[in-house]
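Input: a single structure, listed below in C-alpha cells.
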Amino acid sequence: MTLLDPRRYFESVGARAPRAEVMPVCLYLEVTNRCNLLCETCPRTFEELEPPADMAWNLFTRIVDQVPGLARAVLHGVGEPMLVRTLPSMIRYLKNRGIYVLFNTNGTLLSPKRGRALIETGLDELRVSLDAASPPAFLRVRGKPLFDRIVSNVRTFTALQREIGAEIPRVSLWLTGLKETIAELPQFVRLAADLGVREVYLQRLVYDETGRGLARPDQALFASIAAAEGGAIAEAQELGKALDVRLDASGATEPGLSLQKGTDAQPWSGCRRPWSLMYITAHGRALPCCIAPFSARSYTSYTLGNATQNSLREIWNGVAYREFREKLLTETPPTPCAGCGVRWSL
Numbered sequence: 023m024t025l026l027d028p029r030r031y032f033e034s035v036g037a038r039a040p041r042a043e044v045m046p047v048c049l050y051l052e053v054t055n056r057c058n059l060l061c062e063t064c065p066r067t068f069e070e071l072e073p074p075a076d077m078a079w080n081l082f083t084r085i086v087d088q089v090p091g092l093a094r095a096v097l098h099g100v101g102e103p104m105l106v107r108t109l110p111s112m113i114r115y116l117k118n119r120g121i122y123v124l125f126n127t128n129g130t131l132l133s134p135k136r137g138r139a140l141i142e143t144g145l146d147e148l149r150v151s152l153d154a155a156s157p158p159a160f161l162r163v164r165g166k167p168l169f170d171r172i173v174s175n176v177r178t179f180t181a182l183q184r185e186i187g188a189e190i191p192r193v194s195l196w197l198t199g200l201k202e203t204i205a206e207l208p209q210f211v212r213l214a215a216d217l218g219v220r221e222v223y224l225q226r227l228v229y230d231e232t233g234r235g236l237a238r239p240d241q242a243l244f245a246s247i248a249a250a251e252g253g254a255i256a257e258a259q260e261l262g263k264a265l266d267v268r269l270d271a272s273g274a275t276e277p278g279l280s281l282q283k284g285t286d287a288q289p290w291s292g293c294r295r296p297w298s299l300m301y302i303t304a305h306g307r308a309l310p311c312c313i314a315p316f317s318a319r320s321y322t323s324y325t326l327g328n329a330t331q332n333s334l335r336e337i338w339n340g341v342a343y344r345e346f347r348e349k350l351l352t353e354t355p356p357t358p359c360a361g362c363g364v365r366w367s368l
C-alpha cells in the first residue's frame with residue numbers, strides 16, 4: 023500500500039470495527055527507551071517503564087518484514103534514537119523498501135559526523151524537540167543545561183545540508199505547549215529562522231492522572247487560552263509568515279485549531295490510530311500508539327501483544343486489539359484514550 027502523503031497516513035482508514043481489515047500502514051518502532059535528558063514532561067523521567075534497552079536488529083527486521091505494505095516508519099518512543107549505534111542501518115533498511123522514515127531527537131548527539139551519516143541514509147524528516155527558546159527555559163523543561171549545544175548542532179546540520187545540496191531530511195523544531203514556555207513561541211520562530219529551519223510545530227501536552235513534573239493540568243493549554251497566550255501564538259504566526267517559517271501544530275493541523283477544545287463530548291471518538299498504526303517498544307511490547315505512555319500509567323493496562331512471541335498479524339487482530347478497538351468506539355474508552363482525549367492540550 024503506497025500513500026500519496028505518508029504524513030497523513032491516518033486518512034487511509036475507512037470503516038472502523040473491532041477487526042481491522044488491513045495491516046497497519048505505519049509503525050512506531052521504539053529503537054531505544056534510553057535517554058540522556060530528564061524532561062519534565064516525559065514519564066520515563068519519573069519511572070522505569072521497561073528495563074533500559076535498544077531494539078535488537080533481528081527484532082527490528084522481523085517486525086518490518088511482516089508489513090509489506092508499510093508506508094511510514096517512526097523511529098522514536100520514550101528514548102533518544104541517536105543513542106542507538108545501528109540507527110543509520112535501520113533507516114537504510116527501511117528506505118530500501120521505499121518507506122517514509124522520520125524520528126524525533128533532542129539534538130544533543132547531532133554531531134557533524136552523525137549528521138552527515140543521517141543525510142546519507144535518505145532519512146525523510148528530522149524533528150528536533152527543543153521545547154524552549156532560551157537556556158533557562160530549556161533547563162526547566164528538559165532537565166539539563168544543553169540548550170547551546172543543541173542550537174549549535176542544528177545550525178551546523180542545516181549548514182551542511184546547504185553545502186552539499188541535501189533537501190532531506192526536512193528539519194523542524196518542536197515546542198511543547200506549556201503555559202511555562204508558550205510566551206517564548208515568537209522567539210522560538212525567530213530562532214528557527216536563524217538556524218535555517220523552515221518548520222516549527224507546537225506540540226500538544228499529554229499528561230496522566232498523576233500530573234508529574236510539568237505534565238500537569240495547570241500547564242496545559244486545553245480550552246484555557248489566556249489573552250497573553252493567544253497573543254503569543256498570533257504573534258508567532260505573523261512572524262513565521264514574515265520570516266518564511268511555517269508554524270503548524272501536532273495533529274496535522276494549525277495552532278489555532280489545535281488549541282480549540284471543540285464541542286465533541288467524546289474527543290477520542292475520531293481517533294484512527296488503532297486501525298492505522300502499531301507502536302512496538304524496544305522489548306517488543308505492542309502498544310496502541312505513542313501517546314498512551316504519556317496519558318496513562320502502567321504498560322500492562324494497555325499492552326496489546328508481544329512481537330517477540332507472536333506475529334504482527336496475530337497481534338493486530340488478536341483478542342486484546344479487537345477489544346481495545348471495540349471499547350474505543352463506546353462512551354467508556356480504554357484508559358489511555360480517555361486520558362488522551364481529556365488531557366491532551368488540543
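Read in order, the letters of the sequence shown are residues 23 to 368 in the numbering used here. Cβ atoms here follow ideal geometry from the backbone N, Cα and C, with glycine treated the same way.
Residue i to residue j span [Cα, whole Å]
| i | j | result |
| --- | --- | --- |
| PRO356 | VAL89 | 26 Å |
| TYR223 | VAL267 | 10 Å |
| LEU26 | ARG94 | Confidence is the limiting factor: at LEU26 the pLDDT is only 43, short of 50, which leaves the residue's position unreliable and the question unanswerable from this model. |
| GLY327 | TYR301 | 10 Å |
| GLY101 | ALA264 | 35 Å |
| ALA318 | ASP146 | 31 Å |
| ARG220 | VAL193 | 7 Å |
| ARG164 | LEU152 | 8 Å |
| GLU353 | ALA78 | 39 Å |
| THR325 | VAL44 | 20 Å |
| ALA37 | GLU345 | 16 Å |
| PRO74 | GLU52 | 12 Å |
| LEU182 | ARG138 | 8 Å |
| ILE141 | GLN288 | 42 Å |
| ILE172 | CYS312 | 24 Å |
| GLU348 | THR232 | 27 Å |
| GLU69 | GLY306 | 19 Å |
| PRO189 | VAL341 | Residue identity differs from the one stated: residue 189 is Glu in this sequence, not Pro. In a straight line, the C-alpha of GLU189 is about 44 Å away from that of VAL341. |
| SER133 | LEU168 | 14 Å |
| ASP270 | SER323 | 33 Å |
| THR63 | ARG234 | 8 Å |
| SER111 | GLY187 | 22 Å |
Close beta carbons around residue i, own chain, < 6 Å, minus the five adjacent residues each side
| i | result |
| --- | --- |
| MET104 | THR127, LEU131 |
| LYS166 | LEU59 |
| GLY284 | Residue confidence for GLY284 is low, a pLDDT of 44 falling below 50, so the modelled location carries little weight; the figure read from the coordinates is stated next. So the list is empty, once near-sequence residues are dropped. |
| ALA215 | LEU265, VAL267 |
| CYS359 | TRP290, LEU350 |
| LEU97 | LEU51, VAL53, PRO103, PHE125 |
| LEU279 | With a pLDDT of only 44 at LEU279, under 50, the local geometry of the prediction cannot be trusted, and no value is derived from it. |
| LEU334 | GLN88 |
| ARG56 | PRO74, GLY101, LEU105 |
| SER109 | According to the sequence provided, residue 109 is Leu. The question's Ser does not apply to it. If we look at LEU109 and ignore the five residues flanking it on each side, its Cβ neighbours are PRO103. |
| PHE160 | ALA154, PHE169 |
| ILE121 | LEU92, ALA95 |
| LEU213 | ALA155 |
Beta-carbon gap between residue i and residue j smaller than 8 Å
| i | j | result |
| --- | --- | --- |
| THR83 | ILE113 | no |
| PHE179 | LEU197 | no |
| ALA304 | GLU72 | yes |
| THR203 | ALA154 | yes |
| PRO46 | LEU299 | yes |
| CYS61 | THR67 | yes |
| PRO296 | PRO310 | yes |
| LEU148 | ARG177 | no |
| ASN339 | ALA42 | yes |
| GLY361 | ASP230 | yes |
| GLY199 | ARG162 | no |
| LEU81 | LEU49 | no |
| GLU206 | SER156 | yes |
| LEU195 | VAL150 | yes |
Cutoff 7 Å; reference residue i; Cβ partners in own chain excluding five residues on either side
| i | result |
| --- | --- |
| PRO208 | ALA254, GLU257, ALA258, LEU261 |
| LEU116 | VAL86, ALA95, VAL123 |
| ARG136 | MET104 |
8 Å CB neighbourhood of residue i in its chain, flanking five on each side removed
| i | result |
| --- | --- |
| ASN118 | none |
| ASN337 | According to the sequence displayed, residue 337 carries Ile and not Asn. Closer than 8 Å at the Cβ level, and outside the excluded window around ILE337, lie MET300, ALA308, LEU326, GLY327, ASN328, ALA329, TYR343. |
| ASN321 | In the sequence on display, residue 321 carries Tyr and not Asn. So the qualifying residues of the chain are LEU71, GLU72, THR303, ARG307, LEU309, PRO315. |
| ARG184 | GLY218 |
| PRO191 | LEU124, LEU140, ILE141, LEU145, ASP146, GLU147, LEU148 |
Check: residue i C-beta below 7 Å from any heavy atom of the ligand NAD
| i | result |
| --- | --- |
| ILE313 | No copy of the ligand NAD occurs in the structure displayed, which carries no ligand at all. |
* To do: List in chain order: all unbroken beta strand (DSSP E) runs of 3+ residues lying wholly within the stretch 192-235.
  => 192-198, 221-225
* In the stretch 36-92, which residue ranges form an unbroken alpha helix (DSSP H) of at least 4 residues, counting only runs that do not cross its ends? -> 79-87
* Whole beta strand (DSSP E) runs in the stretch 116-162 with 3 or more residues, listed along the chain? -> Correct list: 122-127, 147-151.
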